[in-house]
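Asks: Numbering (our numbering), first residue to last: 5 to 473.
Virtual Cβ for every residue (Gly too), placed ideally from N, Cα, C.
Just so it is clear, the structure is predicted and the values come from calculations on it, not from any experiment.
I am attaching a structure below and will ask some questions about it afterwards.
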Ligand SMILES: Nc1ncnc2c1ncn2[C@@H]1O[C@H](COP(=O)(O)OP(=O)(O)OP(=O)(O)O)[C@@H](O)[C@H]1O
Ligand SMILES: [Mg+2]
């Protein structure tokens, strides 16, 4: 066995092989050579290890059940990890070896091999890695700033939110993101996933509100063939699809008590039973849930299970409404101005004073999404390189005045009804005007039991209005 010399002995190696004998002997061999060695029994396990800590080198068997060594290599390349990859193939399969080299493997060896040969290849690979190490460290420092820098905000509240994201991303706790519609809950959920050790695994999103009870259960837990009418094929649920990643449960308040019970079971047992099935399938995932409703209140009213609530809000991130953080309005406006200028290939210098004042005095019931839509629209209509106050079309101020009650819910209900009638119940247009997405609007209509009045249905005036916007 060759003695390690120089700086190479500080390198780390990940051995990936489904055969325990091979794994253990390679781990021992390279540990004795002075490297830091870890082992993984499968490609998914290796990806998790790679997300948790940096490795300079991965030695992987090509032949493995599930995801094979070449697929693992592809993932490593796709994620732009700096780890060099050496593949080991059990039978001399020239094609897969050539393909591996084309995909960027450092080298390959054919079983059985002389461990000294492997050591020599490893040393070559690590020497190349030494040159890359400095670059990698620099890039990593930038990466965490990169994800968080997409979340714009200078207010104390947003500074705290970013701090919380960084803190919770590193651990595996369940997170509950709360905030009104359009405050950036999904953005926060995505940031947590992208900064977490699960980032190389999928982030699967479930919009709980948009689905019926049968569909949501099959969406979450999967179903067996023939489980219900229309279930023609067996299907995996989102928890299975996450495969070591994150499940984002959006609008969690909208699931029924029955589904809440099933969900609680999955969170506790970490296994799912597909709808119409009997077998429990182990699943590995992290949950981030979001809601724009007051879950605590719903628990008090018996609409949401207390035990599920406690499981979900292990870590809570609250996004305040935009009007509660006025200092964020100008920076967000500028951010969206730049974003849409780039998209449209036009150049804008910024906002006129009066335009900024107008933005600052608006109440933003649709929060950041409303602001984003407003800026995009202003850029479309503006012929000048500077955005003027008249380019900004804001929701009517009087719509905020209560019609028949002072609670926020009541004001929201009336406002939505008014906007819906204004657009002849065209939900796509109404949602756009409200600055919320269509699914959210659909929900609110259901929740407030809003109905189209006979007048709105027949009014020619409403029909004409409906064509604008
Ligand atoms: N702090 C922010 N910085 C940059 N963009 C933001 C910020 N907050 C929200 N946005 C943008 O505003 C839009 C709405 O955000 P998002 O979809 O995350 O909100 P939400 O809280 O999930 O809304 P809803 O409850 O309606 O689903 C998105 O385009 C998002 O990128
Ligand atoms: Mg959302």
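1) Apart from the five residues on each side of it in sequence, which residues of its chain come closer than 6 Å, Cβ to Cβ, to residue 308?
2) Distance check for residue 260 and residue 292, CA to CA, integer angstroms please.
3) Which stretch, first to last residue, makes up the beta strand (DSSP E) that contains residue 39?
4) Mind checking residue 197: buried by the 16 CB within 10 Å criterion, or exposed?
5) Looking at C-alpha atoms only, which residue of 348, 428, 88, 70 is the closest neighbour of residue 134?
6) Would you mind stating whether residue 193 and residue 210 have Cβ atoms separated by less than 8 Å?
7) Have a look at residue 58 and residue 44 and give me their C-alpha separation to the nearest angstrom.
8) Determine the burial state of residue 24: buried for a count of at least 16 other Cβ atoms within 10 Å of its Cβ, exposed for fewer.
9) Taking 8 Å as the threshold (C-beta atoms), are residue 295 and residue 474 in contact?
10) Should residue 41 be labelled buried (16 or more other beta-carbon atoms within 10 Å of its own) or exposed?
11) Using the C-alpha atoms, what's the distance from residue 47 back to residue 90?
12) Say the cut is 7 Å; is the CB of residue 229 nearer than that to a heavy atom of ligand 2?
13) Determine contact between the region 71 to 82 and the region 28 to 39, defined as no fewer than three beta-carbon pairs at a distance below 8 Å.
14) Going by C-alpha to C-alpha distance, which of 218, 270, 242, 443 sits closest to residue 235?
15) Using a threshold of 8 Å, state whether the C-beta atoms of residue 195 and residue 220 are closer than that.
16) For residue 244, which residues of its own chain have a beta-carbon under 7 Å away from its beta-carbon, when the five flanking residues on both sides are left out?
17) Return the chain-ordered ranges of every beta strand (DSSP E) run that is complete within the region 248 to 301 and spans a minimum of 3 residues.
18) Looking at C-alpha atoms only, which residue of 381, 423, 389 is the closest neighbour of residue 397?
19) Could you give the distance in angstroms between the alpha-carbon of residue 278 and the alpha-carbon of residue 19?
20) Quick one: any contact between the region 350 to 361 and the region 160 to 175, if contact means 3 or more CB pairs under 8 Å?
21) Closest to residue 357 by C-alpha separation, out of 392, 161, 315, 26, would be which residue?
22) Is residue 433 buried or exposed, if buried means 16 or more other CB atoms sit within 10 Å of its CB?
23) At what residues does the beta strand (DSSP E) containing residue 319 begin and finish?
24) At a threshold of 7 Å, does residue 68 count as lining ligand 1 (C-beta to nearest heavy atom)?
25) Residue 219 lies in the alpha helix (DSSP H); which residues open and close that run?
26) Does the beta-carbon of residue 362 have 16 or more other beta-carbons within 10 angstroms, so that it is buried, or is it exposed?
27) CB of residue 257 to nearest heavy atom of ligand 2: below 7 Å?
Replies: The short version:
1) Taking the chain shown and counting its residues from 1, one reaches residue 308 at position 304. For residue 308, same chain residues with a beta-carbon under 6 Å away, outside a window of 5 residues either side, are 299, 302 in chain order.
2) Sequence index remark: in the chain shown, residue 292 carries index 288 (1-based). Sequence index remark: in the chain shown, residue 260 carries index 256 (1-based). Near 18 Å, if we compare the C-alpha coordinates of residue 260 and residue 292.
3) Start at 1 with the first residue of the chain shown, and residue 39 comes out as number 35. No beta strand (DSSP E) holds residue 39; DSSP gives it neither H nor E.
4) On the chain shown, position 193 is the one that residue 197 refers to. Its Cβ being crowded by 16 or more others within 10 Å, residue 197 is buried.
5) What you label residue 134 is simply residue 130 of the chain shown in a count that begins at 1. Considering only alpha carbons, the answer is 88.
6) Taking the first residue of the chain shown as 1, we reach residue 193 at position 189. Taking the first residue of the chain shown as 1, we reach residue 210 at position 206. No, the pair does not count as a contact, with Cβ atoms beyond the cut-off.
7) Counting from one through the chain shown, the residue named residue 58 turns up at place 54. Counting from one through the chain shown, the residue named residue 44 turns up at place 40. The C-alpha of residue 58 lies about 14 Å from the C-alpha of residue 44.
8) Residue numbering aside, residue 24 sits at position 20 when the chain shown is read from its first letter. With fewer than 16 other Cβ atoms from the protein chains shown falling within 10 Å of its own Cβ, residue 24 counts as exposed.
9) Only positions 5 to 473 of the chain appear in this structure, which leaves residue 474 out of reach.
10) By one-based count along the chain shown, residue 41 stands at place 37. By the C-beta density criterion, residue 41 is buried, having at least 16 other C-beta atoms within 10 angstroms.
11) Walking along the chain shown from the start, residue 90 turns up at place 86. Walking along the chain shown from the start, residue 47 turns up at place 43. If you draw a straight line from the Cα of residue 90 to the Cα of residue 47, it is about 14 Å long.
12) The residue you call residue 229 lines up with position 225 of the chain shown. The answer is no for residue 229.
13) Contact between the region 71 to 82 and the region 28 to 39 is absent, because fewer than three Cβ pairs lie under 8 Å.
14) Here the question's residue 235 lines up with position 231 in the chain shown. It is 218 whose Cα lies nearest to the Cα of residue 235.
15) If you number the chain shown from 1, residue 195 lands on position 191. If you number the chain shown from 1, residue 220 lands on position 216. Contact flag unset, no.
16) Position 240 of the chain shown, counted from the first residue, corresponds to residue 244. Within the same chain, residue 244 has close Cβ partners 226, 276, 285, 287.
17) Those beta strand (DSSP E) runs which fall completely within the region 248 to 301 and span 3+ residues are 250 to 254, 275 to 277, 284 to 286, 290 to 295.
18) On the chain shown, position 393 is the one that residue 397 refers to. Ranking 381, 423, 389 by Cα distance to residue 397 puts 381 first.
19) Position 274 of the chain shown, counted from the start, is the residue given in the question as residue 278. Position 15 of the chain shown, counted from the start, is the residue given in the question as residue 19. Computed Cα separation, rounded: 34 Å.
20) Verdict: no, contact absent.
21) Here the question's residue 357 lines up with position 353 in the chain shown. It is 392 whose Cα lies nearest to the Cα of residue 357.
22) Walking along the chain shown from the start, residue 433 turns up at place 429. Classification for residue 433: buried.
23) As a first step, residue 319 must be located in the chain shown, where it is residue number 315. From DSSP, the beta strand (DSSP E) with residue 319 extends over 319 to 323.
24) As a first step, residue 68 must be located in the chain shown, where it is residue number 64. No; taking the cut-off as 7 Å, the Cβ of residue 68 has no heavy atom of ligand 1 nearer than that.
25) For the purposes of this step, residue 219 is taken as the residue at position 215 of the chain shown. Per DSSP, residue 219 belongs to the alpha helix (DSSP H) from 217 to 225.
26) Within the chain shown, residue 362 is the residue found at index 358, counting from 1. By the 10 Å Cβ count, residue 362 comes out buried.
27) Here residue 257 corresponds to residue number 253 of the chain shown, with the count starting at 1. Short note on residue 257: C-beta not closer than 7 Å to any heavy atom of ligand 2.
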